[in-house]
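Enquirer: Residue numbering for the sequence shown follows our numbering, starting at 667 and increasing by one per position.
Input: one structure, supplied below.
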Amino acid sequence: MKKESFKKLKIPDKSGVYFFKRDKEILYIGKATSLRDRVKSYFGKDLIETRGPLLVDMVWKADKIGYQVTDSVLEALILEANLIKKYQPYHNTKEKDDKSFNYVVITKEKLPKVLVVRGKNVQHSVLNKTYGPYTSGSQLREAMKIIRKIFPFLDEKSKNYLEFYKQIKLAPDLNNRKLYLQNIKNIKLFFSGKKKKIFQNLKKEMKTYAKNHEFEKAGEIKRQIFALQHINDIALLKNMSSVFPPLLVEEGVGGGDSKKNHFALKGTPPQKGGEGSSFRIEAYDIAHLGGKNMVGVMTVVEDGEMAKNEYRKFKIKTQKDANDTGALAEVLERRFAHPEWHYPNLVVIDGGTAQINVARKVIINAELSIPVVSVVKDEKHKPKAILGDKEIIKKNKAQILLSNSEAHRFAIVYHKKMRNKNFLK
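Pasting the structure below:
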């Protein structure tokens, strides 16, 4: 395949798995934080130096490129292993055998353990459930850390470090064997690529616990759903940085109208705290002139820095007059129809009580629980007050004002552009 053929493909800047094919035969399967950049790298002038002759041969033979988008890099890692195991592509398996790979093994015990085992030590028997192989032990270990925070499990070290693991919430309550076995069941589903089924199971379990007034257990299930919906694989991205190019976000698509295809949860997004985590603020503003050329925007500030590559523009479709709150509702509804965009820790809107109430209503309807603050302006459009949680405002005042000011600037620029464009028609 030549570089000119690649340029015709519309491969997205999203995490996932890609396939090089010749006719119907799959030659090679790989994973990526950015499918577009990763596939593009195979057509660079230094391919033979960076990839070796085997992959140069593969690219030359291939006449098609396919891909499958995933919600996270973690899921791309797991999907890649499942597909390699299923199809056994020649260019994936030529240089290594299974003994040099890593596997996830779930033992068959009263309280099963979840282990990472080298291929040469894996005993394929009815006593164990095995997943893999995984080509990178370091990437797999990072993946296991993420999964363990969602579904705590026992490993080979749990016997000696159980109390410590409990304190940092990496070990389950062993007095509740039923809940632990549910964790194991969901881990198996996750490694089988059946995340949708996990959501169905968890939602059903949460309702059962709530119906039986077992609210603590229902709360734990609720936490798992939220964590699964907001997989934080930053550590995994760093671990993969030597193999893949940096993660690129989705290009601005103006909000789109895609339907929801996820199960979200009334919960709180991850707050700033651990290594690699960040505090994300999304600010929204509406701009128009007498209701004409009405537009909305979203700007993003992460840890005090403007993330301009994550800004979004929305051409208002549902409002025919100067209805700012209606336009705001439309923008937020369209934004939260995109679960592939990272959810914010805080939403900032421009306006007063009406605007903050609309924003809260949309977020509740999306089955999320994200705090909202609004910046109230005076007659000169200068900030005079901030409505919302006092502690959040006190802690993040500078970032709130920065994001609001940037949203206003971005909205005005977009509105003027739309106005000039329509004037020339």
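In this text, a Cβ means the ideal position worked out from N, Cα and C, and glycines have one as well.
Return the residue from the list N787, T773 and K779 that minimises the CA-CA distance to F767.
Expert: Translated into positions along the sequence shown, residue 767 becomes position 101. For the residues N787, T773 and K779, the minimum Cα distance to F767 belongs to N787.
Enquirer: Check whether the segment 701-710 and the segment 744-758 touch, using three or more Cβ-Cβ pairs below 8 Å as the test.
Expert: The segment 701-710, when compared against the segment 744-758, does not touch it at the 8 Å Cβ threshold.
Enquirer: Comparing the CB of N867 with every heavy atom of the ligand ZN, is any distance shorter than 7 Å?
Expert: This structure simply doesn't include the ligand ZN, nor any ligand for that matter.
Enquirer: Would you report the Cα separation of N842 and F980, rounded to the nearest angstrom?
Expert: One-based indexing of the sequence shown puts residue 842 at position 176. One-based indexing of the sequence shown puts residue 980 at position 314. If you take the alpha carbons of N842 and F980, they lie about 48 Å apart.
Enquirer: Just grab the DSSP bridge partners of K981 for me.
Expert: Translated into the one-based positions of the sequence shown, residue 981 becomes position 315. K981 is bridged to V961.
Enquirer: Going by Cα to Cα distance, which pick from F1076, S1069 and E871 is closest to F945?
Expert: Reading the sequence shown from its first residue, position 279 is the one you call residue 945. It is S1069 whose Cα lies nearest to the Cα of F945.
Enquirer: Classify K730 as helix, strand or coil using the three-state DSSP reduction.
Expert: The residue labelled residue 730 in the question sits at position 64 within the sequence shown. Strand, per DSSP.
Enquirer: Run through the DSSP bridge pairs and tell me what N768 is partnered with.
Expert: Taking the first residue of the sequence shown as position 1, residue 768 is located at position 102. In DSSP, N768 forms a bridge with R784 and Y800.
Enquirer: Suppose the cutoff is 8 Å on Cβ atoms and the five residues either side in sequence are ignored; what does the same chain contact list for V961 look like?
Expert: If you number the sequence shown from 1, residue 961 lands on position 295. Taken in chain order, the residues that qualify are I952, A953, H954, K979, F980, K981, I982, A1077, Y1080, H1081 and M1084.
Enquirer: With distances taken between CB atoms, is the gap from A728 to L675 smaller than 8 Å?
Expert: Position 62 of the sequence shown, counted from the start, is the residue given in the question as residue 728. Position 9 of the sequence shown, counted from the start, is the residue given in the question as residue 675. No, they are not a contact pair.
Enquirer: Can the beta-carbon of Q866 be found closer than 8 Å to that of F817?
Expert: Sequence index remark: in the sequence shown, residue 866 carries index 200 (1-based). Sequence index remark: in the sequence shown, residue 817 carries index 151 (1-based). For Q866 and F817, no; Cβs fall outside 8 Å.
Enquirer: Starting from A953, follow the beta strand (DSSP E) in both directions and report where the run begins and ends.
Expert: Residue 953 sits at position 287 when you count from the first residue of the sequence shown. Segment R946 to L955, the beta strand (DSSP E) holding A953.
Enquirer: Under three-state DSSP, which class holds A1106?
Expert: Not covered by the structure: residue 1106. The range shown for the chain is 667 to 1091.
Enquirer: Starting from A1032, trace the alpha helix (DSSP H) both ways and give me its first and last residue.
Expert: By 1-based counting over the sequence shown, the position of residue 1032 is 366. Neither: A1032 is in no alpha helix (DSSP H) and is coded neither H nor E.
Enquirer: Shortest alpha-carbon distance to N1062 belongs to which of G956, D703, G732 and I947?
Expert: Your numbering for residue 1062 matches position 396 in the sequence shown. Taking only the C-alpha atoms, the option nearest N1062 is I947.
Enquirer: What distance in whole Å lies between the Cβ atoms of V783 and D821, which are believed to be in contact at a cut-off of 8 Å?
Expert: As a working mapping, residue 821 is identified with position 155 in the sequence shown. As a working mapping, residue 783 is identified with position 117 in the sequence shown. Contact flag wrong, Cβ pair sits at about 11 Å.
Enquirer: Straight-line CA distance for G939 to E968?
Expert: Numbered from 1 along the sequence shown, position 273 holds the residue referred to as residue 939. Numbered from 1 along the sequence shown, position 302 holds the residue referred to as residue 968. Note that G939 scores a pLDDT of 35, beneath 50, so its modelled location is shaky and nothing firm can be said.
Enquirer: With a 10 Å radius around its C-beta and 16 neighbouring C-beta atoms as the bar for buried, classify R688 as buried or exposed.
Expert: Against the sequence shown, residue 688 aligns to sequence position 22. Exposed, because fewer than 16 other Cβ atoms sit within 10 Å of the Cβ of R688.
Enquirer: Would you check if the distance between the CB atom of L777 and the CB atom of Y846 is smaller than 8 Å?
Expert: The sequence position of residue 777 within the sequence shown is 111, counting from 1. The sequence position of residue 846 within the sequence shown is 180, counting from 1. Yes.
Enquirer: Over what stretch of residues does the beta strand (DSSP E) that includes L693 continue unbroken?
Expert: For this step, residue 693 is matched to residue 27 along the sequence shown. Looking at the DSSP string, the run of the beta strand (DSSP E) that includes L693 is E691 to A698.
Enquirer: To the nearest angstrom, report how far apart A988 and G1017 are at their CA atoms.
Expert: Counted from its first residue, the sequence shown places residue 988 at position 322. Counted from its first residue, the sequence shown places residue 1017 at position 351. Looking at the two C-alpha atoms, the distance is approximately 14 Å.
Enquirer: Thinking C-beta only, is L749 closer than 8 Å to T736?
Expert: For the purposes of this step, residue 736 is taken as the residue at position 70 of the sequence shown. For the purposes of this step, residue 749 is taken as the residue at position 83 of the sequence shown. No, they are not a contact pair.
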